[in-house]
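Chemist: Pasting a structure below so you can have a look.
Right, dumping it as structure tokens:
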């Protein structure tokens, strides 16, 4: 294993040049043209190291990238990630890729272009192993276009390694909360606020009452949070508002909680006479629950990391990934195998450069371990 780390260390200047190119090629979730250009570039890089490249077209987001290595009868490993970032076009001009004090910075470097780089580094030395790479282009906006593709590809694989960023210090993610998104719309009746307010039905008052109900659905003991993050309503201060909406974020740690909260939200009823509610949305991502298969994969990773002199840890997070989908299918899934660093989705995101050779060796070792 140490010889593998040495190899990756020697190749690091080349890898960092590729990372700089990747960061410079912006790939916002909602910019299909830019993301498609980045996906084609990545396809060419994986093809150079022996991968069979395919693209799955998407209408409103970037195309999704499949790369298959050493096709054969053995069930492959799936390396899962995404090409899209949360950053708009033009952000790289403001904050270009930079290396300083042992860190790489730039839009999307941590989440998760360095993770894609790690896939490429590991697969350069493992061309003869049955591995599939799936890089989707809409993870940051809910994976609406790619969920069926992810689930279909994962169903043919023996294990899923998700190269999303690590937890602080390099810990892997063995549990993630599921996510729900709901919109609660209150519909009242407009009226003049000074002349005949009694003829109106105040939709903002109605939505305020519903927000109080929503707040009671959180349950810290069960790991459940229900958060109203956006409220909109009204047109002018002298008009009784006819409409108001609340956008609701739900995080749940179990399928049981997902069912409980979804049922409660869908069952909301109006408080004011004459008001009505429209409720849309649902649970977008099921929770990724730590189970025996996840634990088995983590222990394998921990043993390989120990050979590298790394005390690998695990943890849970309230954020979700495409690994939530694969885990819910019952397929062994290990997440957070990507870059070590911090600041995802912030202007301070960074990647620890010293950890890249170790991380690439860990990924390569895990893949090898699955075929012993």
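Residue numbers (this note's numbering): 9 to 380.
Note that CB positions come from ideal geometry on N, CA and C, so glycine has one too.
Whose C-beta lies closer than 7 Å to the C-beta of residue 132 among residues of the same chain, with five residues either side of it excluded?
Modeler: By 1-based counting over the chain shown, the position of residue 132 is 124. Excluding positions up to five away in sequence, the list reads 57.
Chemist: Return the Cβ separation of residue 145 and residue 43 in integer angstroms, given the expectation that the two are a contact with Cβ distance under 8 Å.
Modeler: Position 137 of the chain shown, counting from 1, holds the residue named residue 145. Position 35 of the chain shown, counting from 1, holds the residue named residue 43. Yes, they are in contact, since the Cβ atoms of residue 145 and residue 43 sit about 5 Å apart, within 8 Å.
Chemist: Going by the DSSP bridge assignment, what does residue 227 pair with across the sheet?
Modeler: The residue labelled residue 227 in the question sits at position 219 within the chain shown. According to DSSP, residue 227 bridges with 232.
Chemist: Could you tell me how far apart the beta carbons of residue 91 and residue 123 are, in whole angstroms, since I believe they sit closer than 8 Å?
Modeler: As a first step, residue 91 is located in the chain shown; it is residue number 83 there, counting from the start. As a first step, residue 123 is located in the chain shown; it is residue number 115 there, counting from the start. Rounded, the Cβ-Cβ distance is 10 Å, inconsistent with contact.
Chemist: Nearest to residue 192 by alpha carbon, out of 166, 165 and 221?
Modeler: Within the chain shown, residue 192 is the residue found at index 184, counting from 1. Minimum Cα distance to residue 192 is reached at 221.
Chemist: Just how far apart, CA to CA, sit residue 51 and residue 45?
Modeler: Reading the chain shown from its first residue, position 43 is the one you call residue 51. Reading the chain shown from its first residue, position 37 is the one you call residue 45. Distance between the alpha carbons of residue 51 and residue 45: 10 Å.
Chemist: Leaving out five residues on either side along the sequence, give the residues of the same chain with a beta carbon under 7 Å from the beta carbon of residue 270.
Modeler: Mapped onto the chain shown, residue 270 falls at position 262. So the list reads 188, 290 and 291, once near-sequence residues are dropped.
Chemist: On the three-state DSSP scale, how would you describe residue 175?
Modeler: The count along the chain shown starts at 1 and reaches residue 175 at position 167. In this structure, residue 175 counts as coil in the three-state DSSP scheme.
Chemist: Evaluate residue 116 with the Cβ neighbour count: other Cβ atoms within 10 Å of its Cβ, from every protein chain shown; 16 or more gives buried, anything less gives exposed.
Modeler: Looking up residue 116 in the chain shown gives position 108. Of the residues assessed, residue 116 falls on the buried side of the cut-off, its CB having 16 or more other CB atoms within 10 angstroms.
Chemist: Under the rule that 16 or more other beta-carbon atoms within 10 Å means buried, what is residue 251, buried or exposed?
Modeler: Your numbering for residue 251 matches position 243 in the chain shown. Per the 10 Å Cβ criterion, buried.
Chemist: Let me know if residue 210 comes out buried or exposed under the rule of 16 or more other beta-carbons within 10 Å of its beta-carbon.
Modeler: Here residue 210 refers to the residue found at position 202 when the chain shown is read from its first residue. Looking at its Cβ environment, which holds 16 or more other Cβ atoms inside 10 Å, residue 210 is buried.
Chemist: Could you tell me the distance, in whole angstroms, from the CA atom of residue 217 to the CA atom of residue 272?
Modeler: One-based indexing of the chain shown puts residue 217 at position 209. One-based indexing of the chain shown puts residue 272 at position 264. Computed Cα separation, rounded: 15 Å.
Chemist: Can you tell me which of the three DSSP states residue 29 falls into?
Modeler: The sequence position of residue 29 within the chain shown is 21, counting from 1. Three-state result, residue 29: helix.
Chemist: Shorter than 7 Å, the distance from the beta carbon of residue 38 to the closest heavy atom of the ligand SAH, or not?
Modeler: Judged by which ligands are present, the structure shown has none, so any question about the ligand SAH falls away.
Chemist: Mapping DSSP to helix, strand and coil, what is residue 377?
Modeler: Along the chain shown, one-based indexing puts residue 377 at 369. Assignment of residue 377 by DSSP, reduced to helix, strand and coil, places it in the helix class.
Chemist: Please list the segments of the alpha helix (DSSP H) lying wholly inside the region 29-80, counting only runs of 4 or more residues, in order along the chain.
Modeler: 40-56
Chemist: Roughly how many angstroms separate the alpha carbons of residue 78 and residue 226, rounded to a whole number?
Modeler: Walking along the chain shown from the start, residue 78 turns up at place 70. Walking along the chain shown from the start, residue 226 turns up at place 218. When rounded, the separation of the alpha-carbon atoms in residue 78 and residue 226 is 48 Å.
Chemist: For residue 339, count neighbouring Cβ atoms within 10 angstroms of its own Cβ and tell me buried if that reaches 16, exposed if not.
Modeler: If you number the chain shown from 1, residue 339 lands on position 331. So residue 339 ends up on the buried side.
Chemist: Distance check for residue 125 and residue 28, CA to CA, integer angstroms please.
Modeler: Counted from its first residue, the chain shown places residue 28 at position 20. Counted from its first residue, the chain shown places residue 125 at position 117. Straight-line Cα distance between these residues: approximately 10 Å.
Chemist: If residue 371 and residue 130 are in contact, beta carbons under 8 Å, what's the gap, nearest whole angstrom?
Modeler: Within the chain shown, residue 371 is the residue found at index 363, counting from 1. Within the chain shown, residue 130 is the residue found at index 122, counting from 1. Confirmed, Cβ separation roughly 4 Å.
Chemist: Does the Cβ of residue 96 have 16 or more other Cβ atoms within 10 Å, making it buried, or fewer, making it exposed?
Modeler: To locate residue 96, count along the chain shown from 1; it is residue 88. Exposed is the call here.
Chemist: Run through the DSSP bridge pairs and tell me what residue 139 is partnered with.
Modeler: On the chain shown, residue 139 is found 131 positions in, with the first residue counted as 1. Paired residues: 77 and 85.
Chemist: For residue 155, I'd like the list of residues in its chain whose CB is within less than 7 Å of its CB, leaving aside the five on either flank, ordered along the chain.
Modeler: Here the question's residue 155 lines up with position 147 in the chain shown. Same-chain partners within the cutoff: 333.
Chemist: Measure the Cβ-Cβ separation of residue 253 and residue 274 and say whether it is below 8 Å.
Modeler: Residue 253 sits at position 245 when you count from the first residue of the chain shown. Residue 274 sits at position 266 when you count from the first residue of the chain shown. In this structure, residue 274 does not lie closer than 8 Å to residue 253 by Cβ.
Chemist: Among 328, 39 and 169, whose alpha-carbon lies nearest the alpha-carbon of residue 257?
Modeler: To locate residue 257, count along the chain shown from 1; it is residue 249. The option with the nearest alpha carbon to residue 257 is 328.
Chemist: Is it the case that the Cβ atoms of residue 236 and residue 219 are separated by a distance below 8 Å?
Modeler: For the purposes of this step, residue 236 is taken as residue 228 along the chain shown, with counting starting at 1. For the purposes of this step, residue 219 is taken as residue 211 along the chain shown, with counting starting at 1. Taking 8 Å as the Cβ cut-off, residue 236 and residue 219 qualify as a contacting pair.
Chemist: Out of 159, 104 and 317, which has the shortest C-alpha to C-alpha gap to residue 355?
Modeler: Looking up residue 355 in the chain shown gives position 347. Comparing Cα-Cα distances from residue 355 to each of 159, 104 and 317, the minimum goes to 104.
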